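A short write-up of the structure that comes next.
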Amino acid sequence: MKLAAVFSGGKDSTFSIYKSLKEGHEIKYLITISPDRDDSYMFHVPDIEWTKLQSEALEIPQVFKRVSGEKEKEVEELKDIFYSIKGDIDGIVSGAIASSYQKSRIDRICSELGLKSFAPIWGVDQGQYVKELVRDGFEAIFTGVAADGLDDEWLGRELNTDSIDKLIELNSKYGINIAGEGGEYESFVVDCPIFKKRITITESKKIWDKKAKSGYLLIENAKLEYK
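Anchor point for the sequence shown: position 220 equals 228 in the working numbering, and the numbering is continuous, going up by one each time.
Quick look at the structure:
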């Protein structure tokens, strides 16, 4: 089937594209949404503009749109975007794992527009899933953290065996979601098996709110390099 992928640049949306391609689907577009509010219920915020490099690395055209970020209004804005390309696609693929809020709204929009809704990693065992990511050659870094046990030292850290072990430990101690589905952390993929080139981050800085005990990695410069 011809699909468009809701794409944030993080591990989940990228892995969902990877899974869809392995199943024989064609990804026609990346749909990347930039919300005007930091507290969007639907969309990823940190470093969203750098998804344009990932689009080049994937060699898949990107539809990049700004939305209000207001609860429910942003869902209707997403529907307008789906409608604008529905003639070229059969369905939408998303990276939802356990968030019924996000998945149910994408499912509803697709139903209203006559599109199929695919969520290849919905309901997976989260500990096994993040291990599979690393095993399959995904290289991702933490670009945002907002949970007990995750401090500014996590910003820019690689998602690897060591960090996964620590996430499992924090899950036992604080109950955080190992895959970050509860907003505990955000990620950015710099390389994976379906990238034709890898991304090298050359300049970045950490933005940390001591009071909120949360922060994000601001990517200031990055480039594509041959593997």
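In this text, a Cβ means the ideal position worked out from N, Cα and C, and glycines have one as well. The model shown is predicted, which means the values in this text are computed figures rather than measured ones.
Reduced DSSP secondary structure (H/G/I, E/B, other) of residue i
i: Val83; result: helix
i: Ile97; result: coil
i: Lys213; result: strand
i: Asp44; result: coil
i: Lys60; result: helix
i: Lys27; result: helix
i: Ala65; result: helix
i: Val53; result: coil
i: Ile39; result: strand
i: Ser125; result: strand
i: Phe90; result: helix
Residue i versus residue j - alpha carbon distance
i: Ile25; j: Ser171; result: 24 Å
i: Phe126; j: Glu211; result: 35 Å
i: Arg82; j: Tyr234; result: Residue identity differs from the one stated: residue 82 is Glu in this sequence, not Arg. The alpha-carbon atoms of Glu82 and Tyr234 are separated by roughly 37 Å.
i: Arg45; j: Glu34; result: 32 Å
i: Ile56; j: Thr40; result: 8 Å
i: Gly32; j: Asn168; result: 28 Å
i: Phe23; j: Lys87; result: 23 Å
i: Lys204; j: Ser112; result: 33 Å
Distance between beta carbons of residue j and residue i, contact taken as under 8 Å
i: Ile186; j: Val138; result: 6 Å
i: Ser42; j: Arg74; result: 5 Å
i: Leu11; j: Asp115; result: Actually they do not touch by this definition, with Cβ atoms about 15 Å apart.
i: Gly152; j: Tyr224; result: 4 Å
Residues that DSSP places opposite residue i in a beta bridge
i: Gln134; result: BP columns for Gln134 are empty, so no partner.
i: Leu163; result: None, per the DSSP bridge assignment.
i: Phe72; result: Thr40
On the three-pair Cβ rule with 8 Å, is the region 93-104 touching the region 127-142?
Because the criterion of three Cβ pairs below 8 Å is met, the region 93-104 and the region 127-142 touch.
Is there contact here, the region 115-122 with the region 139-148, by at least three beta-carbon pairs under 8 Å?
Verdict: no, contact absent.
Can at least three beta-carbon pairs, one atom from the region 15-30 and one from the region 184-198, be found at a separation below 8 Å?
Counting C-beta pairs closer than 8 Å gives three or more between the region 15-30 and the region 184-198, which meets the contact rule.
Kindly confirm or deny that the region 53-67 and the region 81-98 touch, where touching means at least three C-beta pairs closer than 8 Å.
The region 53-67 makes no contact with the region 81-98; the number of CB pairs closer than 8 Å stays below 3.
Measuring CB atoms only, is the region 211-224 touching the region 175-186, in the sense that at least three cross pairs come out at less than 8 Å?
With the rule of 3 Cβ pairs closer than 8 Å, the region 211-224 does not count as touching the region 175-186.
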